[in-house]
Amino acid sequence: LPSMISKENFASYRTLLPLQLAVFWLIIDQAGYFVRNIPFKNYWGLAFVFLLFITGFYNYNFQFVNPLRKEYQKISLYMDQHMQSVPDTVYFIRPDKRIFTSLYSTRSTGDEFGSPSSTRDWVPEPLVRQYIFEKTNSREIAGKVKVVQFASMDEFNKQGFAATTNSVVISVDEILQ
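So in our numbering, spot 11 of the sequence shown is number 26, and the numbers just go up one at a time.
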């Protein structure tokens, strides 16, 4: 019934799924009152638990974990290809928060689920430093790299930065697509 009222994808929508489950369970419980066949009631309960398990597995893996895993793999592969030596400066252009919607058909309701993790402004610097630390095994070298981040490609172009021989531009939107 709640899904008939609101058209939402509950992959990352936290309140609609519990509401749907509560209303569904109340309807099933009331229907079970009228059903006198005990084995049928038991099978219905098992089917409901199985449905919840499948739904949870799908949402967690295909709407949340797999897109993030692909994001990290692509960013890491890009850094492997373009950081042969340790750069002085890394220009990190954060992705649009709605890019997962076009790539993986996920929907975000403003929280961290359903959007790229590198969209948040606190992610690029530790991400780049961690990558450099893993490659060089030196926190000092990773700490010396300057990470300049931009919210979009337009903002990067407005600033007029130019990539030098010892700098790297990471545009996550282009990497993901």
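Glycine included, every Cβ here is placed at the ideal spot set by N, Cα and C.
With fewer than 16 neighbouring CB atoms inside 10 Å of its own CB, P54 falls in the exposed class. With 16 or more other CB atoms across the displayed protein chains lying within 10 angstroms of its CB, E86 is buried. Every unbroken stretch of the beta strand (DSSP E) spanning 3 or more residues and falling wholly within the segment 103 to 173 is given here in chain order: 104 to 108 and 161 to 165. Counting along the chain, the unbroken alpha helix (DSSP H) around S91 starts and ends at N81 to H97.
Of all alpha-carbon atoms in M94, T121, I108 and F165, the one lying nearest the alpha-carbon of E149 is that of M94.
For V64, the uninterrupted alpha helix (DSSP H) run begins and ends at I53 to Y73, by DSSP. The Cβ-Cβ distance between F107 and P82 does not fall below 9 Å. I43 is bridged by DSSP to nothing; it lacks a bridge partner. With contacts defined by Cβ atoms closer than 9 Å, V64 and K56 do not form a contacting pair. Here L191 is buried, its C-beta having at least 16 other C-beta atoms within 10 Å. Remark: C-beta atoms of V143 and I185 approach each other more closely than 9 Å.
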